[in-house]
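Accompanying notes for the structure given below.
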Amino acid sequence: MAIGQTTRVSLPYPSTWEIQASFGGRPTTLGTLVISNVSNGRVSGTVNFRGTPIPIQGSWDERSRQITIESPYANFVGTFAYKDEPTLGLRHYVLRGTVRMKPPSVRAGEVGTWTAVTNMPL
78 MAIGQTTRVS
88 LPYPSTWEIQ
98 ASFGGRPTTL
108 GTLVISNVSN
118 GRVSGTVNFR
128 GTPIPIQGSW
138 DERSRQITIE
148 SPYANFVGTF
158 AYKDEPTLGL
168 RHYVLRGTVR
178 MKPPSVRAGE
188 VGTWTAVTNM
198 PL
């Protein structure tokens with residue numbers, strides 16, 4: 078890459094992320110977020126906190142780096158960031174934001190925070 082050039086990094090897919098949500102300071106069990114496809118600003122995949130993958134759909138705004146994800150049990154809103162670690166040959170990706178639980182979840186109405194992380198080779 079020539080000096081002065083920048084690379085625009087986008088949401089990687091297909092990708093598997095570790096995800097953790099916290100409500101009132103209580104961490105929940107770690108889960109898995111799978112982003113299967115990102116096309117025309119639409120996101121699809123699954124989220125799995127309790128052993129069963131649950132379908133998700135949402136939106137991805139490339140310009141603002143914001144993602145929204147909806148499952149039958151929760152709505153997630155977050156932002157995207159990354160950091161390169163050349164000595165390890167890795168790019169670390171992070172999604173983080175707020176989550177609002179909805180019926181039929183036993184936590185319906187609760188609001189918390191979430192973070193999802195994954196790594197890819199540079």
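So the working numbering is basically just the index in the sequence shown, starting at one, shifted up by 77. For every residue, glycine included, the Cβ atom is placed at its ideal position computed from N, Cα and C. Since the model is a prediction, treat every value here as computed from it, not as a measurement.
Next on the checklist: Our contact map puts residue 177 next to residue 152 with C-beta atoms below 8 Å; I'd like the distance itself, whole angstroms only.
Outcome noted: Right, their Cβ atoms sit about 5 Å apart.
Item to check | Alpha-carbon spacing of residue 195 relative to residue 136, whole angstroms | outcome: So the two alpha carbons sit approximately 19 Å from each other.
Checklist entry - For residue 176, which of helix, strand or coil comes out of DSSP? => result DSSP, read as helix, strand or coil, puts residue 176 in strand.
Checklist entry - Thinking C-alpha only, which one of 168, 112, 95, 134 is nearest residue 106? => result Comparing Cα-Cα distances from residue 106 to each of 168, 112, 95, 134, the minimum goes to 95.
Next on the checklist: Residues in the same chain with beta-carbon distance under 6 Å from residue 189, minus the five sequence neighbours each way, listed in chain order, please.
Outcome noted: So the qualifying residues of the chain are 98, 99, 100, 176.
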